[in-house]
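Working notes, beginning with the structure itself.
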Amino acid sequence: MLEIAIGIILGCCALGAGAAMIAGIGPGIGEGNAVAKACEAIGRQPESKGDVTTTMLMGCAIAETTGLYALVIAILLIFVAPGRFVNILMNTIGK
Amino acid sequence: MQKNNMRFLAVDIIYLTLAIIPLLFGIVLNILFTPASSGIEISGALIYFTIKMPLQDLPITESQVNSWIVILSIFWICMYMTHGLKSKDCLRRQHIAEWIVNTTESLVKGNMGEYFKGFAPFIAAIMGLSAFSSLLTLIGLYPPTSDINIVGGWAILVFILITYYKFKCGPIHYIKSFGDPVPLLAPLNVISEVATPVSMAFRHYGNILSGTVISVLIASGLKGLSSIVLGWLPSFLGEIPILQIGLPAILSVYFDLFSGCLQAFIFAMLTMMYISGGFPAEDFFKKKSRKAKYNKETI
Numbered sequence: 808m809l810e811i812a813i814g815i816i817l818g819c820c821a822l823g824a825g826a827a828m829i830a831g832i833g834p835g836i837g838e839g840n841a842v843a844k845a846c847e848a849i850g851r852q853p854e855s856k857g858d859v860t861t862t863m864l865m866g867c868a869i870a871e872t873t874g875l876y877a878l879v880i881a882i883l884l885i886f887v888a889p890g891r892f893v894n895i896l897m898n899t900i901g902k
Numbered sequence: 060m061q062k063n064n065m066r067f068l069a070v071d072i073i074y075l076t077l078a079i080i081p082l083l084f085g086i087v088l089n090i091l092f093t094p095a096s097s098g099i100e101i102s103g104a105l106i107y108f109t110i111k112m113p114l115q116d117l118p119i120t121e122s123q124v125n126s127w128i129v130i131l132s133i134f135w136i137c138m139y140m141t142h143g144l145k146s147k148d149c150l151r152r153q154h155i156a157e158w159i160v161n162t163t164e165s166l167v168k169g170n171m172g173e174y175f176k177g178f179a180p181f182i183a184a185i186m187g188l189s190a191f192s193s194l195l196t197l198i199g200l201y202p203p204t205s206d207i208n209i210v211g212g213w214a215i216l217v218f219i220l221i222t223y224y225k226f227k228c229g230p231i232h233y234i235k236s237f238g239d240p241v242p243l244l245a246p247l248n249v250i251s252e253v254a255t256p257v258s259m260a261f262r263h264y265g266n267i268l269s270g271t272v273i274s275v276l277i278a279s280g281l282k283g284l285s286s287i288v289l290g291w292l293p294s295f296l297g298e299i300p301i302l303q304i305g306l307p308a309i310l311s312v313y314f315d316l317f318s319g320c321l322q323a324f325i326f327a328m329l330t331m332m333y334i335s336g337g338f339p340a341e342d343f344f345k346k347k348s349r350k351a352k353y354n355k356e357t358i
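Protein chains in written order, with the working numbering: chain A, 808 to 902; chain B, 60 to 358.
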């Protein structure tokens, strides 16, 4: 019985980590848009390449934040959460 | 002149060795404390030793030690670069040092305005520390920037600076700034205030850590693939992971070199933008000129 419970915990943590990384779609689309517009801008005004590139990198970094939140959640779910959940399970069984 | 030259060279060599010794020290510590394990695995920073404290034990981790190593190395490299400054026919290193100073000063002036030009050393320090910490992976050490405690500390430092410059017009102005468009949005403004350091820390740490994780996954995947493809070869020939040669190095150019330097630049840029953006420049200068006028009248 205990093995099944621990297995369910591990499996659900892995599933949750996978589901959390769906958030990677958003930053991907956003950064793609940003880079496309930056390319257009450079094509129109090649002399402003430096400024456009700097601003684009900044915007990309900020757009990436939501994806990185998802990454942090996924990493927590894989490396930290299983141990904690199993500990909680053990404690409740001990009582 | 010849004698002087010899002394100059000797000091140069001392500076360079002092810059390299911490790195060697870090590598030796890493080799001594790494537990024997099988194959490639993802793990956090090693704990070298713990100091007994009354409330909670203080662990001295690999990331703390490595960030001190980076600080010492950067210090001695700076000493080396500014050694023997001359006004004419100067050395090559002086040109590099001048270029670094000029670039950061123009960057800070361009992004933060004239009032904040004293911030150039701080911004250069943050950028150098962050970039060199991320580049520490190139010699096989644990990069301190992939530990959230280190990057979180930097983010808290930046947050204190932001709040200090927001307080420049007095506490009443600071509290008023939370109810900016309408007072109803004050809770959201508080949340966005707190989210600034959190997002800065997570952005930097997440980028470096995700690079490490992806590199490790690809390296272990290639090992498995080569054992499938070449496993039929006799004895030890089948165990050599031939496919691991090449591809991880190419990926490392992006994940270690490009991503590390870019994140350092972005961290510094965001620091500059948040500090100069939060500073109520208009009100501050108005208040200052009013005060100066008042002082003149009373005198």
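Here a beta-carbon is modelled for each residue, glycine too, at the ideal position from N, C-alpha and C. The structure displayed is predicted, hence computed values, not measured ones.
Kindly list, in the order they appear in chain A, the residues whose Cβ is closer than 9 Å to that of B/L244. The residue given as residue 244 of chain B occupies position 185 in the second sequence. Here the premise fails: no neighbours, minimum Cβ distance about 21 Å.
Would you check if the distance between the CB atom of B/S205 and the CB atom of B/V129 is smaller than 7 Å? On the second sequence, residue 205 of chain B is found 146 positions in, with the first residue counted as 1. On the second sequence, residue 129 of chain B is found 70 positions in, with the first residue counted as 1. No, Cβ-Cβ distance for B/S205 and B/V129 is not below 7 Å.
Counted within 10 angstroms of its Cβ, other Cβ atoms place B/V288 as buried (16 or more) or exposed: In the second sequence, the residue the question calls residue 288 of chain B occupies position 229. With fewer than 16 other Cβ atoms within 10 Å, it is exposed.
Residue from B/K225, B/K176, B/F175 with nearest C-alpha to B/F338: Locating residue 338 of chain B in the second sequence gives position 279, where the first residue counts as 1. With distances taken between Cα atoms, B/F338 lies closest to B/K225.
Separation of A/G839 from B/A260, as counted between CA atoms: As a working note, residue 260 of chain B is residue 201 in the second sequence. As a working note, residue 839 of chain A is residue 32 in the first sequence. Answer to the nearest angstrom: the Cα atoms are 24 Å apart.
Could you check whether the region 848 to 866 of chain A touches the region 877 to 890 of chain A, counting it as contact only if at least three pairs of C-beta atoms, one from each stretch, sit closer than 8 Å? no
Buried or exposed for B/W213, please, with buried defined as at least 16 other CB atoms from any protein chain shown within 10 angstroms of its CB. Along the second sequence, read from residue 1 onward, the residue named residue 213 of chain B stands at position 154. Classification of B/W213: buried, given that the 10 Å Cβ count is 16 or more.
What are the residues that DSSP puts in a beta bridge with B/T109? Sequence index remark: in the second sequence, residue 109 of chain B carries index 50 (1-based). Partner(s): B/P118.
List the whole-angstrom C-beta distance separating B/L302 from B/L284, where the pair is believed to meet the contact cut-off of C-beta under 8 Å. To locate residue 302 of chain B, count along the second sequence from 1; it is residue 243. To locate residue 284 of chain B, count along the second sequence from 1; it is residue 225. The pair is a contact, with the Cβ atoms about 6 Å apart (cut-off 8 Å).
By the 10 Å Cβ neighbour count, where 16 or more other Cβ atoms means buried, how is B/N64 classified, buried or exposed? Along the second sequence, one-based indexing puts residue 64 of chain B at 5. It is exposed - the Cβ of B/N64 has fewer than 16 other Cβ atoms within 10 Å.
Would a check of beta-carbon distances place A/A843 closer than 7 Å to chain B? In the first sequence, the residue the question calls residue 843 of chain A occupies position 36. No, its Cβ sits nowhere closer than 7 Å to a Cβ of chain B.
Is the separation between the beta-carbon of A/T873 and that of A/G825 shorter than 7 Å? In the first sequence, counting from the first residue as 1, residue 873 of chain A sits at position 66. In the first sequence, counting from the first residue as 1, residue 825 of chain A sits at position 18. No. Outside cutoff.
Of all Cβ atoms in chain B, is any one closer than 7 Å to the Cβ of A/V859? If you number the first sequence from 1, residue 859 of chain A lands on position 52. Chain B, which has no Cβ nearer than 7 Å to the Cβ of A/V859, makes this no.
Is there a Cβ of chain A sitting closer than 7 Å to that of B/M60, yes or no? Here the question's residue 60 of chain B lines up with position 1 in the second sequence. Because B/M60 sits at a pLDDT of 48, beneath the cut-off of 50, its placement in the model cannot be relied upon, and the point is left open.
Among the candidates A/P889, A/V887, A/T860, whose CA atom is the shortest distance from the CA of A/E847? Within the first sequence, residue 847 of chain A is the residue found at index 40, counting from 1. Ranking A/P889, A/V887, A/T860 by Cα distance to A/E847 puts A/T860 first.
Thinking just about the alpha-carbon of each residue, which of B/D315, B/K145, B/I185 is nearest to the one in B/L194? Against the second sequence, residue 194 of chain B aligns to sequence position 135. Ranking the options by Cα distance to B/L194, first place goes to B/D315.
Is the region 292 to 300 of chain B in contact with the region 247 to 263 of chain B, if contact means three or more CB pairs nearer than 8 Å? no
Residues of the region 149 to 181 of chain B in Cβ contact with chain A at a cutoff of 8 Å, in chain order, please. none
According to the neighbour-count rule (16 or more other Cβ atoms, all chains shown, within 10 Å of its Cβ), is A/L809 buried or exposed? On the first sequence, position 2 is the one that residue 809 of chain A refers to. Burial call: exposed.
Counting only beta-carbon separations shorter than 7 Å, does B/S96 have a partner in chain A? Stepping through the second sequence from its first residue, residue 96 of chain B is reached at position 37. Taking Cβ atoms only, chain A never reaches closer than 7 Å to B/S96, which makes this a no.
For the alpha helix (DSSP H) containing B/G212, name the first residue and the last one. Along the second sequence, one-based indexing puts residue 212 of chain B at 153. Looking at the DSSP string, the run of the alpha helix (DSSP H) that includes B/G212 is 207 to 225.
Is DSSP giving B/V272 helix, strand or coil here? Here residue 272 of chain B refers to the residue found at position 213 when the second sequence is read from its first residue. In the structure shown, B/V272 sits in a helix (DSSP, three-state: H, G or I).
Using only CA atoms, which one of B/L200, B/S132, B/L131, B/L105 lies nearest to B/I119? On the second sequence, residue 119 of chain B is found 60 positions in, with the first residue counted as 1. Out of B/L200, B/S132, B/L131, B/L105, B/L105 has the C-alpha closest to the C-alpha of B/I119.
A/E871 - containing alpha helix (DSSP H), residue span: In the first sequence, residue 871 of chain A corresponds to position 64, counting from 1. Careful: A/E871 lies outside any alpha helix (DSSP H) and carries neither H nor E.
Just to confirm my understanding: we take B/V272, look at its own chain, exclude 5 residues before and 5 after, and list those with CB closer than 8 Å. What are they? For the purposes of this step, residue 272 of chain B is taken as residue 213 along the second sequence, with counting starting at 1. Taken in chain order, the residues that qualify are I101.
Three-state class that DSSP yields for B/D342 in the structure shown: Looking up residue 342 of chain B in the second sequence gives position 283. Helix, per DSSP.
C-beta neighbour in chain B for A/L883, strict 7 Å: Numbered from 1 along the first sequence, position 76 holds the residue referred to as residue 883 of chain A. No, its Cβ sits nowhere closer than 7 Å to a Cβ of chain B.
Please confirm whether A/I816 and A/F892 have their CB atoms less than 7 Å apart. Counting from one through the first sequence, the residue named residue 816 of chain A turns up at place 9. Counting from one through the first sequence, the residue named residue 892 of chain A turns up at place 85. Yes, the pair counts as a contact, with Cβ atoms nearer than the cut-off.
Please state if the CB of B/F344 and the CB of B/C426 are separated by a distance shorter than 7 Å. Past the boundaries of the shown model lies residue 426 of chain B; chain B is included only from 60 to 358, so the question cannot be answered.
For A/G835, collect the residues of the same chain with a Cβ closer than 8 Å to its Cβ; drop the 5 residues on either side in sequence, then sort them by chain order. One-based indexing of the first sequence puts residue 835 of chain A at position 28. Closer than 8 Å at Cβ, skipping near neighbours: G874.
Three-state secondary structure (DSSP) at B/M140? Locating residue 140 of chain B in the second sequence gives position 81, counting from the first residue. Helix, per DSSP.
Going along chain A in order, which residues have a C-beta closer than 7 Å to the C-beta of B/S258? Residue mapping note: residue 258 of chain B aligns to position 199 of the second sequence, counting from 1. Per Cβ cutoff of 7 Å: T872.
What does the alpha-carbon distance come out to for the pair B/F326 and B/S258? Within the second sequence, numbered from 1, the residue matching residue 326 of chain B stands at position 267. Within the second sequence, numbered from 1, the residue matching residue 258 of chain B stands at position 199. Roughly 11 Å separates the two Cα atoms.
Grab me the residues of B/L197's own chain with a C-beta within less than 7 Å of its C-beta, minus the 5 sequence neighbours each way, in chain order. Along the second sequence, read from residue 1 onward, the residue named residue 197 of chain B stands at position 138. Closer than 7 Å at Cβ, skipping near neighbours: D315.
B/K345 CB to nearest chain A CB: under 7 Å? Position 286 of the second sequence holds residue 345 of chain B. It does not: the Cβ of B/K345 has no partner Cβ on chain A nearer than 7 Å.
Listed from N- to C-terminal order along the chain, which residues in the region 313 to 326 of chain B have their beta-carbon within a distance smaller than 7 Å of any beta-carbon of chain A? L321, I325
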